[in-house]
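Enquirer: Pasting a structure below so you can have a look.
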Amino acid sequence: MAFDFKTAMQSLGLLLSFLGWVLSIMTTYLPLWKNLNLDLNEMEHWTLGLWQTCVVQEEVGTQCKGFDSFLALPAELRIARIFMFLCNGLGFLGLLVSGSGLDCLRIGESQQELKKRLLVLGGILSWTSGITALVPVSWVAHVTVQEFWDETLPEIVPRWEFGEALFLGWGAGFSLLVGGCLLHCAACSARAPLAAGHYAVADMQTQCPHLEDGTADPKV
Numbered sequence: 019m020a021f022d023f024k025t026a027m028q029s030l031g032l033l034l035s036f037l038g039w040v041l042s043i044m045t046t047y048l049p050l051w052k053n054l055n056l057d058l059n060e061m062e063h064w065t066l067g068l069w070q071t072c073v074v075q076e077e078v079g080t081q082c083k084g085f086d087s088f089l090a091l092p093a094e095l096r097i098a099r100i101f102m103f104l105c106n107g108l109g110f111l112g113l114l115v116s117g118s119g120l121d122c123l124r125i126g127e128s129q130q131e132l133k134k135r136l137l138v139l140g141g142i143l144s145w146t147s148g149i150t151a152l153v154p155v156s157w158v159a160h161v162t163v164q165e166f167w168d169e170t171l172p173e174i175v176p177r178w179e180f181g182e183a184l185f186l187g188w189g190a191g192f193s194l195l196v197g198g199c200l201l202h203c204a205a206c207s208a209r210a211p212l213a214a215g216h217y218a219v220a221d222m223q224t225q226c227p228h229l230e231d232g233t234a235d236p237k238v
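For the sequence shown, the working numbering begins at 19 and goes up steadily by one.
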């Protein structure tokens, strides 16, 4: 029972980590971090991402233009690019490391201590990847809220609002966090119970401690 629970925890942790990694990649490249609706022209819709700005028009369709300079971007977008790259890289490494430490793999069955360390390291990498996803997404959301409620701007000026990519980023961060915690807990949980034959050997060693060092009592 303990083995089944531990294996299920490992599988669930790896699945959540993989889901968070996929969502983080989508968050990085989708141009939907911010949305802008123009009251004067309801048929035109603007979206902004880390790499480009897009204009959606009913008659023309979607037209996107990449940013000309990285240094010309606002601080939150520059930091978001760097952090999302780190998130994707750490998440991928976490999947590789933790996948190598799963108990269901036949490779390295005799090296249980090594597999435990791989699970712990993979959980830490996934957990760190989740943090690096939540930080830029939350920062961009905070700046968007501040600009939306800025009383110094005239009311006629359109305001940016939350885009769909922000919600994907939050989902990615929390999935990576939970997945990393599950992997770490699975690595630190109790080992699987011994088989019946192993129990018999363990009982003999307990009753006859002189058998552990390979010596035998001649009176037996």
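Think of the CB as a built atom: it goes at the ideal place given N, C-alpha and C, for glycine as much as any other residue.
The model shown is predicted, which means the values in this text are computed figures rather than measured ones.
Might you give, ordered along the chain, the residues of its own chain that have their beta carbon closer than 7 Å to the beta carbon of residue 105, omitting 5 neighbours on each side?
Expert: A distance below 7 Å between beta-carbons, with the five flanking residues on each side excluded, links residue 105 to the following residues of its chain, in chain order: 42, 147, 150 and 151.
Enquirer: Contact check, residue 69 vs residue 54 under 8 Å by CB: the rounded distance?
Expert: No, residue 69 and residue 54 are not in contact; Cβ-Cβ is about 17 Å, not under 8 Å.
Enquirer: Pick out the complete beta strand (DSSP E) segments inside the stretch 147-216, 3 residues or longer, and give them in chain order.
Expert: none
Enquirer: By the DSSP assignment, the beta strand (DSSP E) with residue 105 in it spans what residues?
Expert: Segment 93-118 is the alpha helix (DSSP H) holding residue 105; no beta strand (DSSP E) there.
Enquirer: Measuring CA to CA, which of 132, 49, 154 and 167 is closest to residue 182?
Expert: Closest in C-alpha terms to residue 182, from the list 132, 49, 154 and 167, comes 49.
Enquirer: What residues are listed by DSSP as bridge partners for residue 62?
Expert: 75
Enquirer: Can you tell me whether residue 140 is buried or exposed, with buried defined as 16 or more other CB within 10 angstroms of its CB?
Expert: buried
Enquirer: Decide yes or no for the touch test of the stretch 26-40 against the stretch 159-172: beta carbon pairs closer than 8 Å, at least 3 of them.
Expert: no
Enquirer: Within the same chain, show all residues whose beta-carbon is closer than 6 Å to that of residue 179, passing over the 5 residues directly before and after it, in chain order.
Expert: 53
Enquirer: How far does the beta strand (DSSP E) with residue 54 in it reach, from first residue to last?
Expert: Secondary structure note for residue 54: its beta strand (DSSP E) is the uninterrupted segment 52-55.
Enquirer: Distance, Cα to Cα, residue 119 vs residue 89?
Expert: Straight through space, the alpha carbons of residue 89 and residue 119 are spaced by roughly 41 Å.
Enquirer: What does a CB cutoff of less than 7 Å around residue 177 pick up in its chain, not counting 5 residues either side in sequence?
Expert: Same-chain partners within the cutoff: 165 and 166.
Enquirer: Whole angstroms is fine: what's the gap from residue 217's alpha carbon to residue 24's?
Expert: Its pLDDT being 39, under 50, residue 217 is placed unreliably in this model, and the value from its coordinates should be taken loosely. One C-alpha to the other measures close to 20 Å.
Enquirer: Could you give the distance in angstroms between the alpha-carbon of residue 232 and the alpha-carbon of residue 28?
Expert: Unreliable positioning characterises residue 232 in this predicted model, as indicated by a pLDDT of 49, which lies under 50. The coordinate reading is nonetheless provided below. C-alpha separation (whole angstroms): 37 Å.
Enquirer: Taking 9 Å as the cut-off, decide whether the C-beta atoms of residue 153 and residue 184 are in contact.
Expert: no
Enquirer: Any idea if residue 187 is buried or exposed, counting beta-carbon neighbours within 10 angstroms, 16 or more meaning buried?
Expert: buried
Enquirer: On the criterion of 16 or more Cβ atoms from any shown chain inside 10 Å, does residue 202 qualify as buried, or is it exposed?
Expert: Buried, by the Cβ-count rule.
Enquirer: Is residue 141 helix, strand or coil by DSSP?
Expert: Correct three-state label for residue 141: helix.
Enquirer: Suppose the cutoff is 6 Å on Cβ atoms and the five residues either side in sequence are ignored; what does the same chain contact list for residue 94 look like?
Expert: 157, 158 and 161
Enquirer: Among the candidates 51, 47 and 78, whose CA atom is the shortest distance from the CA of residue 62?
Expert: 78
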